[in-house]
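A short write-up of the structure that comes next.
Residue numbers (this note's numbering): 8 to 366.
In structure tokens, the structure reads:
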């Protein structure tokens, strides 16, 4: 008999026990599901396969891990770019006309690189926004796994994790920068690029040159594997500009800096940013300034902006405004990039060029 004369019903005890077991099962199954998600078991095919646990629940992501995956994505994309170019079967076609009237070309190199880069990043970080130059076809979806290994050169520079809210992150991918030059077999200008912006500010940049297999990366307030050169010529600079409108820049640059300044026509925004840095690639030209005078897409410039910013340099519009990497995918008014120079003084020297860029 129970204490105080209370008699326990066997049926009641059984029901109570079953309820308790149900509660324990619910809690334990939730725990197991959380543990499985760490190893990519279950979840949507496009997301859960290898992503960090924090990204899977939309919480936070580690910028150090994002840098490691971004470097890997740029290299994997570069492998596709190189393979297609060496096969000499580009399947070249036009997406239409640029604002300047040039053909906006696309090749199999663009498409296949984009697929590898996008799905590697999307599988690893399913909760972040990814913007890419090329269309992503759901029929071509891949689950590309990341082994969670962070390269030693990144660990050396970025010794501890750097967590940020996943919802604050925007990734910008350029799967093949300098497509025009790629079709002309001017391989030196070609790059693949990944940029990570947090709240619209560029914080991680990766620029990879597939044909020399050189990769530059940097994290703002983190570290880098590339550095600025020891000196720059501010009075009579070498200015790297787009091949498509070098004459337009040359006219104003000579007026601003004098006849001793030099114009270097080049393809690809990634290549032009590397021209400002101390790059061991012997095929890379050297410049003191990078000027662009027309509309440009953010996936073309975000990675370079992040690298310059990490090294103490600047990339702004021609009127000196910082570029936000949220919202629209392009910017008006051109850009000016410099490092180890008085950037605002340079902006003030270029009023006519700023007006040209906004036409």
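A virtual CB, placed ideally from N, CA and C, is assigned to each residue, including glycine. Keep in mind it's a predicted model, so treat the numbers as computed, not measured.
Comparing alpha-carbon positions, which option in the options lies nearest residue i?
i: residue 119; options: 140, 133, 210, 135; result: 140
i: residue 210; options: 93, 170, 219, 153; result: 170
i: residue 194; options: 95, 298, 127; result: 95
i: residue 345; options: 263, 323, 333, 71; result: 323
i: residue 252; options: 143, 88, 272, 245; result: 272
i: residue 149; options: 116, 168, 128; result: 128
i: residue 143; options: 153, 162, 161, 180; result: 180
i: residue 233; options: 155, 280, 198; result: 280
i: residue 355; options: 333, 335, 334, 328; result: 328
i: residue 70; options: 184, 221, 162, 88; result: 162
i: residue 334; options: 79, 208, 260, 117; result: 208
i: residue 167; options: 155, 220, 229; result: 229
i: residue 89; options: 114, 66, 237; result: 114
i: residue 80; options: 126, 91, 188; result: 126
i: residue 75; options: 153, 258, 265; result: 153
i: residue 291; options: 220, 145, 258, 98; result: 220
Beta carbon of residue i, beta carbon of residue j: below 8 angstroms?
i: residue 159; j: residue 231; result: no
i: residue 213; j: residue 77; result: yes
i: residue 135; j: residue 68; result: yes
i: residue 217; j: residue 124; result: no
i: residue 186; j: residue 112; result: yes
i: residue 196; j: residue 274; result: yes
i: residue 343; j: residue 353; result: yes
i: residue 86; j: residue 122; result: no
i: residue 132; j: residue 200; result: no
i: residue 310; j: residue 293; result: no
i: residue 82; j: residue 137; result: no
i: residue 318; j: residue 223; result: no
i: residue 263; j: residue 357; result: yes
i: residue 249; j: residue 299; result: yes
i: residue 295; j: residue 245; result: yes
i: residue 247; j: residue 297; result: yes
i: residue 215; j: residue 190; result: no
i: residue 66; j: residue 91; result: no
With residue i and residue j assumed to form a contact (beta carbons below 8 angstroms), what rounded beta-carbon distance in angstroms separates them?
i: residue 301; j: residue 267; result: So it is not a contact: roughly 26 angstroms between Cβ atoms.
i: residue 337; j: residue 316; result: Between residue 316 and residue 337 the Cβ distance is about 20 angstroms, and since that is not below 8 angstroms, they are no contact.
i: residue 130; j: residue 151; result: 5 angstroms
i: residue 313; j: residue 225; result: 6 angstroms
i: residue 340; j: residue 326; result: 6 angstroms
i: residue 184; j: residue 277; result: 5 angstroms
For residue i, write down the residues that DSSP places opposite it in a beta bridge.
i: residue 249; result: 273
i: residue 215; result: 199, 222
i: residue 239; result: Looking at the DSSP assignment, residue 239 forms no beta bridge with any residue, so it has no partner.
i: residue 208; result: 205
i: residue 178; result: 137, 203
i: residue 322; result: 344
i: residue 113; result: 100
i: residue 72; result: Residue 72 pairs with nothing; no bridge assigned.
i: residue 284; result: 235
i: residue 304; result: 337
i: residue 296; result: 246
i: residue 67; result: 172
i: residue 184; result: 198
i: residue 329; result: 323
i: residue 230; result: 226
Would you say residue i reaches chain C, if we count a Cβ-Cβ gap shorter than 8 angstroms as a contact?
i: residue 273; result: The displayed structure is made up of one protein chain only, and chain C is not part of it.
- Query: Is there contact between the stretch 286-301 and the stretch 200-211, where contact requires at least three CB pairs shorter than 8 angstroms?
  - Reply: No, because fewer than three Cβ pairs between the stretch 286-301 and the stretch 200-211 fall closer than 8 angstroms, the two stretches do not touch.
- Message: Closer than 8 angstroms is the cut-off here; do at least three beta carbon pairs connect the stretch 331-351 with the stretch 238-252?
- Response: Between the stretch 331-351 and the stretch 238-252 there are three or more C-beta pairs closer than 8 angstroms, enough to call the two in contact.
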